[in-house]
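Asks:
Residue numbers (the numbering used here): 6 to 423.
1. Excluding the 5 residues preceding and the 5 following residue 360 in the sequence, name in chain order all residues of the same chain whose CB lies nearer than 7 Å to its CB.
2. Rounding to the nearest angstrom, what Cα-Cα distance links residue 301 and residue 66 in this structure?
3. Ignoring anything shorter than 4 residues, give me the alpha helix (DSSP H) runs that lie fully in the stretch 59 to 130, in order along the chain.
4. Just to confirm, are residue 315 and residue 297 a CB contact at a threshold of 7 Å?
5. Give a yes or no on contact between the stretch 107 to 117 and the stretch 151 to 162, applying the rule of three or more CB pairs nearer than 8 Å.
6. In or out: residue 52 buried (at least 16 other Cβ within 10 Å) or exposed?
7. Check whether the Cβ atoms of residue 289 and residue 385 sit closer than 7 Å, and answer yes or no.
8. Starting from the Cα of residue 72, find the closest Cα among 376, 137 and 328 and give me that residue.
9. Closer than 8 Å is the cut-off here; do at least three beta carbon pairs connect the stretch 374 to 391 with the stretch 71 to 89?
10. Compute the Euclidean distance between the alpha carbons of residue 396 and residue 75, then round it to the nearest angstrom.
11. What distance in whole Å lies between the Cβ atoms of residue 188 and residue 155, which are believed to be in contact at a cut-off of 8 Å?
12. Relative to the C-alpha of residue 426, which residue among 60, 247, 374 and 167 is closest?
13. Between the Cα of residue 337 and those of 145, 357 and 45, spot the shortest distance and give me the residue it belongs to.
14. Just the Cα atoms here: how many angstroms apart are residue 129 and residue 161?
15. Excluding five sequence neighbours on each side, which residues of the same chain lie with their C-beta closer than 6 Å to the C-beta of residue 91?
16. If you draw a straight line from the alpha carbon of residue 44 to that of residue 94, how long is it in whole angstroms?
17. What is the DSSP secondary structure of residue 341, reduced to helix, strand or coil?
18. Give the C-beta separation of residue 126 and residue 42 to the nearest angstrom, bearing in mind that I take them to be a contact with Cβ-Cβ under 8 Å.
19. Which residue from 46, 138 and 57 puts its Cα closest to that of residue 340?
20. Round the Cβ separation of residue 122 and residue 178 to the nearest angstrom and send it over; I've been treating them as touching at under 8 Å.
21. Closest by CA to residue 115, which one among 197, 98 and 184?
22. In the DSSP assignment, what are the bridge partners of residue 381?
23. When the Cα atoms are used, what is the spatial distance from residue 354 to residue 146?
24. May I ask you to report which of helix, strand or coil DSSP gives residue 357?
25. Using the Cβ count rule (16 or more neighbours within 10 Å means buried), how would you classify residue 165?
26. Apply the 10 Å Cβ neighbour rule to residue 103 and answer buried if 16 or more other Cβ atoms are within range, or exposed otherwise.
27. Apart from the five residues just before and just after residue 40, which ones in its own chain have a Cβ nearer than 6 Å to its Cβ?
28. Cutting at 6 Å between CB atoms, please list the residues of its own chain near residue 32, excluding the five before and the five after it.
29. How about residue 334 and residue 364: do their beta carbons lie closer than 7 Å?
30. Starting from residue 147, follow the beta strand (DSSP E) in both directions and report where the run begins and ends.
31. My output table needs one value for residue 49: the three-state DSSP class, helix, strand or coil.
32. Under the rule that 16 or more other beta-carbon atoms within 10 Å means buried, what is residue 54, buried or exposed?
33. Return the residue from the list 57, 113 and 172 that minimises the CA-CA distance to residue 157.
34. So, for residue 330: in the same chain, excluding its five sequence neighbours on each side, which residues have a beta-carbon less than 7 Å away from its beta-carbon?
35. Which residue from 399, 209 and 388 puts its Cα closest to that of residue 378?
36. Got a sec, what are the start and stop residues for the beta strand (DSSP E) residue 395 sits in?
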């Protein structure tokens, strides 16, 4: 009986909160691709620069370490106590039976980068506690406006045409807010929406390039003859030209025409300036996402100094705002689902927090340490107690030594070596 209960509980945790696949279908692809949001989700798979940029942000966001803390009464982070065992922590580390935290975060972060929306749907157990969380596509869920607070709930559009109502307590939305739609039922605004025209232009140029090599004859243009051709002569001329010039292997052959036919050249492949168009599209995508070139592997003008600066900028201006959005969702929407065990117990509240992804600036740290040591020496020479001076400046306590019979002035060597 215990084995059956365990199996039942395991299968319950493995069931998605909403249906993902059509009934009787084994395909892992969802049906119903349609609408502007579906187009944006598909754009990532059609443009290399967009894919690299979105993947960089999503993957880096998913690799950050999260911890659960009990907040201190002082309000200082250094006084917090880490909580290592908690139902909310377990659920966040393994959101569902099929997704690790890394995959879960990377998936909804892709949605945020492309569409400006990420959606978590919570599945509860028989006691009402959250037992799993699931990511759903932004084009498959819609808020239902209305009511006193402007939001009645949500509707999930299933793969078989069903419409599944969802309570506001079972859906956790993450949004890059759209200034045109700021209400509780408002939708998000993704970066890809602002550059979709440039992305499509780059895709069209790439498709033209492919079709040029696959189907076009070089040189391209119009063949004219001084008189009307009979069907047999027309077909012979058409087949002769196609056999000699169509396809990649036949490119740039000299064309020879009979019977007074002339060839009028059209715009050349070079005239189209596709390489410039592609470069402009790449720059537009990088600028829209504020992505340093170095983070995409472009190292033509990179040295160690600006590489470290790019890494720091990516962490502070790129990752931290994204992590703060997740942190607020965890602390204000996810933790309260666990009732008094997650929030508002009368004791110091618990909170999720992430490890700072911004790399340390070694040069700044050395300059700061040097300034502190200089101030420490000045305080000692002014008669301040060494221990009090160390605590005031946040320096480690080091014993002061002096030669027998003579006082020795403090130096910076001990701190620098430390």
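All C-beta atoms in this analysis are idealised placements derived from N, C-alpha and C, irrespective of residue type, glycine included.
Replies: So, to answer that:
1. 69 and 70
2. 15 Å
3. 92 to 98 and 106 to 120
4. yes
5. no
6. buried
7. no
8. 328
9. no
10. 26 Å
11. 5 Å
12. Residue 426 lies beyond the range of the chain shown here (6 to 423); nothing can be said about it.
13. 357
14. 17 Å
15. 73
16. 35 Å
17. helix
18. That pair is no contact at about 17 Å.
19. 138
20. 7 Å
21. 197
22. Answer is none; residue 381 lacks a bridge partner.
23. 32 Å
24. strand
25. exposed
26. exposed
27. 144
28. Confidence is the limiting factor: at residue 32 the pLDDT is only 33, short of 50, which leaves the residue's position unreliable, though a coordinate-based value still follows. Correct list: empty, nothing qualifies.
29. no
30. 146 to 149
31. coil
32. buried
33. 172
34. 179
35. 399
36. Not the beta strand (DSSP E): residue 395 falls in the alpha helix (DSSP H), residues 391 to 398.
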